[in-house]
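Participant: Numbered per the working numbering, the sequence shown spans residues 897 to 2074.
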Amino acid sequence: MADDNKPTNSNDESWTDVNLNDEGPTDSTIVPPGAKSLMRGADVSGQTNSAGQLSGMGPGDHSNKLESDISVVRVPDNYQSSAAAARGRPEDLNLKAPFVGQIPMAIPSREASLTQKLEIALGPVCPLLREIMVDFAPFLSKTLVGSHGQELLMEGKGLTTFKNSHSVVELVMLLCSQEWQNSLQKHAGLAFIELINEGRLLSHAMKDHIVRVANEAEFILNRMRADDVLKHADFESQCAQTLLERREEERMCDHLITAARRRDNVIASRLLEKVRNIMGNRHGAWGDSSGAYQKQIFWKLDAWEDDARRRKRMVQNPRGSSHPQATLKASLENGGGEEGREATREEIYSQIAVPRSQQPDLLDDSELLIEDRELDLDLTGPVNISTKAKLIAPGLVAPGTMSITSTEMYFEVDEENPEFQCIDQEVLKYCDHLHGKWYFSEIRAIFSRRYLLQNVALEIFLASRTSILFAFPDQHTVKKVIKALPRVGVGIKYGIPQTRRASMMSPRQLMRNSNMTQKWQRREISNFEYLMFLNTIAGRTYNDLNQYPVFPWVLTNYESRELDLSQPSNYRDLSKPIGALNPSRREYFEERYESWDTPGIPPFHYGTHYSTSAFVLNWLIRMEPFTTMFLALQGGKFDHPDRLFSSIALSWKNCQRDTSDVKELIPEWYFLPEMFYNSSDYRLGQREDGNLVSDIELPPWAKTPEEFVRINRMALESEFVSCQLHQWIDLIFGYKQRGPEAMRATNVFYYLTYEGSVDLDTITDPVTREAIENQIKNFGQTPSLLLMEPHPPRSSAMHLSPMMFNTMPDDVCMSLKFHLNSPIIHISANTYPQLPLPSVVTVTAGHQFAVNRWNCQYTASIQSPSYAESSQNVNTNLPLTMDPLLSQINGHNNSQQQNRRHLGDNFSQKLRIKSNCYVTTVDSRFLIACGFWDNSFRVFSTETAKIVQIIFGHFDVVTCLSRSECNITSDCYIASGSADCTILLWHWNARTQSIVGEGEIPTPRATLTGHETSVTSVVISAELGLVVSGSINGPVLVHTTFGDLLRSLEAPTHFISPENITLSREGFIVVNYDEGNVAAYTINGKLLRHESHNDNLQCMLLSRDGEYLMTAGNKGIVEVWRTFNLAPLYAFPACNSGIRSLALTHDQKYLLAGLATGSIIVFHIDFNRWHHEYQQRY
């Protein structure tokens, strides 16, 4: 015990070397603090050897011990090892001395007993010693052996003492025993050194583990921090994106609300103008029907197109004028006479002095026209796409925004855009779509188009028979817009499936996939219709004057007094371009081509083009809105009179001799006589030869513009043109348009007129880009290429129909007599072979109807029987078979069967029932009748004669009905005229087979007013959008299907009361006045001819093309007239009584007449015998 507190130099120094010298200088040494923990690590290995070393543990096995819990204890700071203690031998090592000597302890008093001193001195060390002995018992038991080899630290006295005893004295006595002293001195030194080395290895392994774990933790923390940073950045980005989207949505909502307000103003102004028109026109409530006060009415060309894409309807122009300012400006610049200037000044002053009552004082937008119907201003779906777009309209390009929802398309012009602010305000007034909204249900076709020779535009055709053209930033946007719009393709006319892919097709793909070429070859469509089809798919459009449809000059004789259309010399050679018809001029162009040597510009024959916006405006200068556009192009003045279009013969001469004039024509030359009239009295000046420029000077062989247009159209449809038109198509749309073939054909134009010659997106210099855009805009654009090979020729008329030149069959095919002698006052021939039951519906004056079967296989033979009764085989070769129900009751009076064919007895006794009191549906399933005393008209089922619908709307007896033309499955209009002086327009729904309205109750689409007496006749054409009606002793009025009164047709002198009216799709109106008087008009109100007939005409009918008029009356003779000049052509054999009704079959080959004796006569009619050149096939 005396040596316990005295440090031994050698032993302490040796122990310190092993245990305390670490890899670097440290303030404190980290050692396994609890022997219990180190012992646990030894337990994991589970093996000890007899030499006191841990077995099975090499340097790489440290990591296997890291699972044990290792605590870290800091050695007291005041512990210092002496040099002597560091230089001892291991076997002399005394473990107690350094610990006990360096641990601070309380100093006991001298009076304390030895036990207390031991408790005080060894109290802190005993628990540690006890813990070491217990924890390392398996290892120490092998080392601590007595003199006889027995284990001192065995499960018994020694280990029990360490485990259970808490007395310091007891431990001291055990350790100071002789056996323990000998064993400790002999064996414990090396064992403890190994034990501590092992602990050191474990501590190093633990340190590596902790460092690795710390590094991993730091890496994970860094990664989490980086993720946090990324998430934060992403969150901020999403917040910013959401904010932008919200702002964009708010901007879009604001934009749509503003657009809706503007459309409200437009609609309000449109309604105001309509009400003013209804009330203030000559036939309105506030109008002067006597005509004592008449102000000049100005007209403009409407955008309405018929099925052949002809715009021929003139409507009133409330903002029209004679443009005196332009006349004065031109007069001052061109040096006109003083008298003309003075007259112009007076006209300007008079216009300034008189307020223009037609112009409402509202917003600028209020003067824009929009379709007259209620617009739902609420956005019914999310905005699927919103993009910048440009509205391309005649004479202007308006930038704005297009938005497409799930059911509508909007366009709103950007009025702040400098490009918009540069547009002439007068031109803007004629643009209808600056604040546009269109329902998807209105969209009929979508074509991809070019703008500035780039494929970035779309043309959308609407149910209102107009079209709109938009240009987009790029092709990707075009595709997105097509995908957002309804899947209508390019419509149903061209035999191409209605898919979005069709809307994206190139012109060549459309040409390849359509069936129109075959139809044209088989003569199922006319030359005009085929040329319009080619123009449409090649990108030519009415909306872009730079890409206006192109038509050929076909005649060359504009000087002789008579024109013989059977003479080839009167026709142009269509195999050559217009610039190569004159041989000397052709040589000039070819020489220029050969000698061209300007670098960077390919050689060309023609520096100008055959179609530019300036040429189009020059042709149409006498009609609004083209007059205003021409003035905007010319700086507000008319051009020099010698440069204006003033003479047809002069224009043709210039095209043959002027090297800068290779103009082709526009389609209006073949259908629009109004373009040749100066109806607004523009003062266009005087040419150098002294002639005043006003109406166009016509060739001597045409007395009126109507006659010129008709003859020009006849020439276009002639056999001479038909057999070489394919060669002109090759020049304009086909393989001779460019390349070596174009060079050989003298048909090469300036390179910037061709598609693909320049990519505007690659031009970064704004000055260069603007110059090229202006070149493209103003100097012509060649149509898209449709064919890379020669176009096939048209089949000849003789090849298609050789029998047409044979002997004509007999006029009368058959006669069918009903058992009642009641006059047949109505016939409807629904003879389409596609119908389940082709039939002819007849109605008698006794209100009995019949559904007679039509034989579609019937062909008139030369020896056809004149009367059905004389034929042996009644059913084999007869066109018509009597209604089976009526043929059964011919012999016996079966009242039940008869009721199935009777319309009842509720008809008003005041009304004389006529042919126009009935209409049938196309499939003959329903018969609509009027004249009932309760002011209704009724829909009957022809199967049962039961009433399907009773329609109320008029305030007096309904006097006449009319149905618009339609095919088997389409909807149509029903027009009803009444003794209450109004006409109502109704919508027949083909799907529900009934007249429908906005709710469950049928309501009229429009109410047409203007008559002051009972309406006697009404006729409606959905294709032309017109309703023509007449009243007792009153005018014949022409309305649009929207309800606007366009004009009244002035009756010739002594023509008093219109009885019957007919209207053809070609735009002819024929009115039968009382006492056999007949007058023919155009749809724009021009009286063509009037004649007085010696028969009291009861019924009349026009052929489908409007060329021929059939009339019949009390004398029982059916006569055929030529419409435009009312020249009688043919009279069929007289019938044995008066004729009360007429009808033509669908193929225009058979004419059915209903007699006053209750018979039907079927005539064979062939219009080709009177038709010039047989160009139309029926």
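C-beta atoms are modelled at their ideal positions from N, C-alpha and C, and glycine is treated no differently. The structure presented is a predicted model; accordingly, all values stated were derived computationally and were not measured.
Report the partner residues of THR1297 according to the DSSP bridge assignment.
Facilitator: Position 401 of the sequence shown, counting from 1, holds the residue named residue 1297. Paired residue(s): LYS1284, GLU1308.
Participant: Quick check: the Cα distance between HIS1743 and GLU1919, rounded to an integer number of angstroms?
Facilitator: Numbered from 1 along the sequence shown, position 847 holds the residue referred to as residue 1743. Numbered from 1 along the sequence shown, position 1023 holds the residue referred to as residue 1919. HIS1743 and GLU1919: Cα-Cα distance of roughly 31 Å.
Participant: Cβ of ILE1952 within 7 Å of Cβ of ASN1929?
Facilitator: Looking up residue 1952 in the sequence shown gives position 1056. Looking up residue 1929 in the sequence shown gives position 1033. Cβ distance < 7 Å, so ILE1952 and ASN1929 count as in contact.
Participant: Helix, strand or coil: which one does DSSP assign to ASN1973?
Facilitator: Position 1077 of the sequence shown, counted from the start, is the residue given in the question as residue 1973. Here ASN1973 sits in strand by DSSP.
Participant: Is MET1401 helix, strand or coil when you go by DSSP?
Facilitator: Stepping through the sequence shown from its first residue, residue 1401 is reached at position 505. DSSP places MET1401 in coil when its eight states are reduced to three.
Participant: I need the boundaries of the alpha helix (DSSP H) containing PRO1034, first residue and last residue.
Facilitator: To locate residue 1034, count along the sequence shown from 1; it is residue 138. 1033 to 1039 is the extent of the alpha helix (DSSP H) around PRO1034.
Participant: Taking the alpha-carbon positions, what's the HIS2078 to PRO1689 distance?
Facilitator: A question about residue 2078 goes unanswered here, because the residues of the chain that appear run from 897 up to 2074.
Participant: Just to confirm my understanding: we take SER1653, look at its own chain, exclude 5 residues before and 5 after, and list those with CB closer than 8 Å. What are they?
Facilitator: The residue you call residue 1653 lines up with position 757 of the sequence shown. If we look at SER1653 and ignore the five residues flanking it on each side, its Cβ neighbours are LEU1349, TYR1647.
Participant: Taking the alpha helix (DSSP H) that SER1217 falls in, what are its first and last residues?
Facilitator: Indexing the sequence shown from 1 puts residue 1217 at position 321. Unbroken run through SER1217: none, as it is neither H nor E.
Participant: Would you say ALA2023 and ARG2036 are within 7 Å of each other, going by their C-beta atoms?
Facilitator: Indexing the sequence shown from 1 puts residue 2023 at position 1127. Indexing the sequence shown from 1 puts residue 2036 at position 1140. No, these two residues do not count as a Cβ contact at 7 Å.
Participant: Could you check whether the stretch 1631 to 1650 touches the stretch 1501 to 1515, counting it as contact only if at least three pairs of C-beta atoms, one from each stretch, sit closer than 8 Å?
Facilitator: yes
Participant: Do three or more CB pairs link the stretch 1201 to 1213 to the stretch 1910 to 1926 at distances below 8 Å?
Facilitator: yes
Participant: If SER1820 and ASN1751 are in contact, beta carbons under 8 Å, what's the gap, nearest whole angstrom?
Facilitator: For the purposes of this step, residue 1820 is taken as the residue at position 924 of the sequence shown. For the purposes of this step, residue 1751 is taken as the residue at position 855 of the sequence shown. Their Cβ separation, rounded to whole angstroms, is 15 Å, which puts SER1820 and ASN1751 out of contact at 8 Å.
Participant: Please report the Cβ distance between GLU1932 and LEU1942, rounded to the nearest whole angstrom; I am assuming they are in contact, meaning their Cβ atoms lie under 8 Å.
Facilitator: The count along the sequence shown starts at 1 and reaches residue 1932 at position 1036. The count along the sequence shown starts at 1 and reaches residue 1942 at position 1046. According to the sequence shown, residue 1932 is Val rather than Glu. A Cβ-Cβ separation of about 12 Å leaves VAL1932 out of contact with LEU1942 under the 8 Å criterion.
Participant: Does the contact criterion of 3 or more C-beta pairs under 8 Å hold for the stretch 1057 to 1077 versus the stretch 1009 to 1021?
Facilitator: yes
Participant: Expressed to the nearest angstrom, what Euclidean distance is found between the alpha-carbon atoms of ALA1510 and ASN1674?
Facilitator: The count along the sequence shown starts at 1 and reaches residue 1510 at position 614. The count along the sequence shown starts at 1 and reaches residue 1674 at position 778. Their backbone Cα atoms lie some 7 Å apart in a straight line.
Participant: Counting only the same chain and skipping the five closest in sequence on each side, list residues whose C-beta sits under 8 Å from that of ILE1392.
Facilitator: Stepping through the sequence shown from its first residue, residue 1392 is reached at position 496. If we look at ILE1392 and ignore the five residues flanking it on each side, its Cβ neighbours are GLY1385, VAL1386, ALA1398, MET1401, LEU1406, ASN1409, SER1410.
Participant: Helix, strand or coil for ARG1340, going by three-state DSSP, please let me know.
Facilitator: Looking up residue 1340 in the sequence shown gives position 444. Reduced to three states, the DSSP call for ARG1340 is strand.
Participant: Does the beta-carbon distance from GLU1560 to MET1571 come in below 7 Å?
Facilitator: For the purposes of this step, residue 1560 is taken as residue 664 along the sequence shown, with counting starting at 1. For the purposes of this step, residue 1571 is taken as residue 675 along the sequence shown, with counting starting at 1. The answer is no: Cβ separation not under 7 Å.
Participant: Can you pull the DSSP bridge partners for TYR1968?
Facilitator: For the purposes of this step, residue 1968 is taken as residue 1072 along the sequence shown, with counting starting at 1. This sequence places Asn at residue 1968; Tyr is not what is there. ASN1968 pairs with ASN1956, VAL1974.
Participant: Per DSSP, TRP1750 is paired with what?
Facilitator: What you label residue 1750 is simply residue 854 of the sequence shown in a count that begins at 1. In the DSSP output, where bridge partners are listed per residue, TRP1750 has LEU1776.
Participant: Provide the residue(s) that pair with LYS1196 in DSSP beta bridges, ordered along the chain.
Facilitator: Here residue 1196 corresponds to residue number 300 of the sequence shown, with the count starting at 1. VAL1211, GLU1520, per the DSSP bridge assignment.
Participant: So what's LYS1103 in DSSP terms, helix, strand or just coil?
Facilitator: Within the sequence shown, numbered from 1, the residue matching residue 1103 stands at position 207. Looking at LYS1103 - three-state DSSP - the assignment turns out to be helix.
Participant: Tell me whether the stretch 1882 to 1889 and the stretch 1825 to 1832 touch, counting them as touching only if at least three CB pairs, one residue from each stretch, are closer than 8 Å.
Facilitator: no
Participant: Would you mind stating whether TYR1631 and LEU1683 have Cβ atoms separated by less than 7 Å?
Facilitator: Here residue 1631 corresponds to residue number 735 of the sequence shown, with the count starting at 1. Here residue 1683 corresponds to residue number 787 of the sequence shown, with the count starting at 1. In this structure, TYR1631 places its C-beta atom within 7 Å of the C-beta atom of LEU1683.
Participant: Buried or exposed for ASN2021, going by 16 or more other Cβ atoms inside 10 Å?
Facilitator: The count along the sequence shown starts at 1 and reaches residue 2021 at position 1125. The Cβ neighbour count for ASN2021, taken over all protein chains shown within 10 Å, is under 16; the residue is labelled exposed.
Participant: Within the same chain, show all residues whose beta-carbon is closer than 7 Å to that of SER1547, passing over the 5 residues directly before and after it, in chain order.
Facilitator: Here the question's residue 1547 lines up with position 651 in the sequence shown. Only PHE1541 meet the Cβ criterion.
Participant: With DSSP run on the structure shown, which of helix, strand or coil describes ASN990?
Facilitator: Position 94 of the sequence shown, counted from the start, is the residue given in the question as residue 990. Only weak support exists for where ASN990 lies, its pLDDT of 47 falling under 50; the value from the coordinates is given anyway. In this structure, ASN990 counts as coil in the three-state DSSP scheme.
Participant: Using DSSP bridges, identify the partner residues of THR2007.
Facilitator: By one-based count along the sequence shown, residue 2007 stands at place 1111. The bridge partners DSSP lists for THR2007 are MET1996, GLU2015.
Participant: Once DSSP output is grouped into helix, strand and coil, what is the label at ASN1587?
Facilitator: For the purposes of this step, residue 1587 is taken as residue 691 along the sequence shown, with counting starting at 1. It is coil, neither helix nor strand.
Participant: Please confirm if the stretch 1459 to 1469 is in contact with the stretch 1360 to 1372, defined as three or more CB-CB distances below 8 Å between the two stretches.
Facilitator: no
Participant: With a 10 Å radius around its C-beta and 16 neighbouring C-beta atoms as the bar for buried, classify ASP1626 as buried or exposed.
Facilitator: Here residue 1626 corresponds to residue number 730 of the sequence shown, with the count starting at 1. Burial state of ASP1626 is buried, judged by a 10 Å Cβ sphere holding 16 or more other Cβ atoms.
Participant: Enumerate in chain order the residues of its own chain whose CB-to-CB distance from VAL1293 is below 6 Å, with the five nearest sequence positions on each side excluded.
Facilitator: Taking the sequence shown and counting its residues from 1, one reaches residue 1293 at position 397. The beta carbon of VAL1293 lies closer than 6 Å to those of LYS1286 in the same chain, with the five residues before and after it left out.
Participant: Measuring straight from C-alpha to C-alpha, what distance separates ASN1313 and PRO1295?
Facilitator: Start at 1 with the first residue of the sequence shown, and residue 1313 comes out as number 417. Start at 1 with the first residue of the sequence shown, and residue 1295 comes out as number 399. Roughly 7 Å separates the two Cα atoms.
Participant: Taking its Cβ as the centre, do 16 or more other Cβ atoms sit within 10 Å of HIS1715, making it buried, or is it exposed?
Facilitator: Numbered from its first residue, the sequence shown carries residue 1715 at position 819. Classification of HIS1715: exposed, given that the 10 Å Cβ count is below 16.
Participant: Keeping to the same chain, check which residues put their C-beta closer than 6 Å to that of LEU1258; ignore five residues upstream and five downstream.
Facilitator: The count along the sequence shown starts at 1 and reaches residue 1258 at position 362. No answer about LEU1258 holds up, because its pLDDT of 23 lies below 50 and its placement is not dependable.
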